[in-house]
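As numbered in the working numbering, residues 1 to 140 make up the sequence shown, in order.
Using N, Cα and C, we set each Cβ at its ideal position, and we do this for glycine too.
First up is the structure itself, then whatever we jot down about it.
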Amino acid sequence: QVNPSLSTLKGIADALGRPVVQLLDDEVLPLARASQDGGHRRLVVSPELEYVILSAPNDRFALFKVILAKGGSSGAEPYCHPGLEAGIVLKGKVRITVGGKSFVLEAGDSITYRSDLPHRFENVGEEETVGIWVVSPPTF
């Protein structure tokens, strides 16, 4: 089984004119939605990187939990897309590089940045890193 890179998934979504989250599920959801049974959609990008999609496919933002294994990253090359991103680290230690500038974040730290700037992230800690991220518009 082959796991496409984040940039490959983004390329497919761009070619289709859709956010990546819409590749996972096309259903129309009600005005309000609560997920209490752990039934979230998951996007496993690689053995080191998993996204748990917390928002609905047609939301105006993408909300997700990022799970990054020790030593894992978003890929060797930075990527970019329209919009803004914001995130908070819940556990672990991650280096986020945006436009060539690096930030090392630990549990409780947060960041916001323009996602049209080249960016990437990597786990630089001794354990799994977990964070909550939002992207608007949901181009991811």
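Taking the beta carbon of residue i as the centre, do at least 16 other beta carbons fall within 10 Å, making it buried, or is it exposed?
| i | result |
| --- | --- |
| V20 | buried |
| E85 | buried |
| L6 | buried |
| L16 | exposed |
| R42 | exposed |
| L120 | First, the residue type needs correcting, since residue 120 is Arg and not Leu in the sequence shown. Answer is buried; the Cβ neighbour count reaches 16. |
Which of the three DSSP states, helix, strand or coil, is assigned to residue i?
| i | result |
| --- | --- |
| G131 | strand |
| V20 | helix |
| S7 | helix |
Rounded C-beta distance between residue i and residue j? I'm assuming under 8 Å.
| i | j | result |
| --- | --- | --- |
| P137 | D116 | The pair is not a contact, with the Cβ atoms about 12 Å apart (cut-off 8 Å). |
| F64 | L54 | 6 Å |
| K70 | E128 | 6 Å |
| V89 | G131 | 5 Å |
Can you check DSSP and say which residues form a bridge with residue i?
| i | result |
| --- | --- |
| V52 | R42, K65 |
| N123 | V94 |
| S136 | L84 |
Exercise. Which runs of the beta strand (DSSP E) spanning at least 3 residues fall entirely within the stretch 61-111, listed in chain order?
Worked result: Those beta strand (DSSP E) runs which fall completely within the stretch 61-111 and span 3+ residues are 62-68, 84-91, 93-98, 101-106.
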